[in-house]
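First residue of the sequence shown? That's 15 in the numbering used here, and the numbers climb one at a time after it. Even for Gly, the Cβ is constructed at its ideal location relative to N, Cα and C. Structure first, commentary second.
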Amino acid sequence: MLATRTLTVRLPDATTFAPSGQLGCAPPSPANPTTREARGTATAGDLWARFFARLAGGHSAVLSSVIGKETKIVWRLLGNGDAEFTAVAPSGDELRPAWVSRHEGSSWTRPGDEWGTGFVFSEIGCWQIRVQRVDVRGDLWVAVIA
């Protein structure tokens with residue numbers, strides 16, 4: 015008879031995601047390469063991002079080989095109302111996601127409401143991704159490398 019075992023994986027505590035990301039990616043937002051999560055800053059709670067791409071920067075939000083390719087990112091943020099997503103390129107150009115989808119249910123247990131987005135990064139460098147709700151705003155700093 016084959017025995018089976020259930021494994022429960024706990025998400026890393028938010029306090030392990032440090033230091034906070036800063037302007038110019040000095041540093042990029044903190045990340046966990048195993049869970050592919052990054053923790054941004056927000057006016058209430060935290061902004062959480064989960065990348066459907068490999069993080070190349072160890073414990074920092076660094077993406078490699080994503081230029082010109084759609085990159086799926088799932089987000090969680092507290093607050094009220096819909097979320098608007100804007101990525102500010104190193105050149106200062108603003109980019110809207112190719113798509114946005116509100117998620118009604120999920121197994122990802124970070125606080126806040128959840129959305130999925132598809133971004134197509136167009137240049138190498140530091141990207142600021144802003145998420146705005148009626149009463150909460152968050153920022154994530156992502157370094158895009160070749």
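Would the beta-carbon of residue i fall within 7 Å of that of residue j?
i, j, result
"Arg90", "Glu128", "yes"
"Val148", "Leu92", "no"
"Thr85", "Pro111", "no"
"Trp155", "Pro42", "yes"
"Trp62", "Arg144", "no"
"Val80", "Ala67", "yes"
How close, in whole Å, do the beta carbons of residue i and residue j come, if the pair is a contact with beta carbons under 8 Å?
i, j, result
"Asn46", "Pro26", "5 Å"
"Gly64", "Ile87", "Rather than Gly, the amino acid found at residue 64 in this sequence is Arg. The Cβ separation is near 7 Å, so the contact holds."
"Gly126", "Gly59", "6 Å"
Going by CA-CA distance only, name the one from the options that's closest to residue i.
i, options, result
"Trp122", "Thr30, Thr49, Ala40, Phe31", "Thr49"
"Ala97", "Leu37, Ala56, Leu69, Gly72", "Ala56"
"Cys140", "Arg68, Gly54, Thr29, Val76", "Val76"
"Gly82", "Gly95, Arg124, Asp60, Leu109", "Leu109"
"Ala40", "Thr29, Ala63, Ser74", "Ser74"
"Pro104", "Arg68, Ser120, Gly72, Ile159", "Ile159"
"Ala101", "Arg24, Ala67, Gly35, Phe133", "Phe133"
"Leu37", "Phe135, His117, Gly106", "Gly106"
"Phe135", "Ala157, Gly152, Ser115", "Ala157"
"Phe99", "Gly152, Gly35, Ala28, Phe31", "Gly152"
Tell me the DSSP bridge mates of residue i?
i, result
"Ala56", "Gly152"
"Leu69", "Leu77"
"Asp45", "It is worth fixing the name first, because residue 45 is Ala in this sequence and not Asp. The partner list for Ala45 (beta bridge, DSSP) reads Ala52."
"Gln146", "Glu98, Arg151"
"Phe133", "Thr85"
"Ala157", "Val76, Cys140"
"Ala40", "For Ala40, which the question treats as bridged, DSSP gives no partner whatsoever."
"Ala63", "Ala52, Trp89"
Any beta-carbon of chain D closer than 7 Å to the one on residue i?
i, result
"Thr57", "Absent from the structure: chain D. Only one protein chain is present."
Practice task
Ignoring anything shorter than 3 residues or poking outside the region 75 to 130, list the beta strand (DSSP E) runs there in chain order.
Solution key: 84 to 91, 98 to 102, 113 to 117
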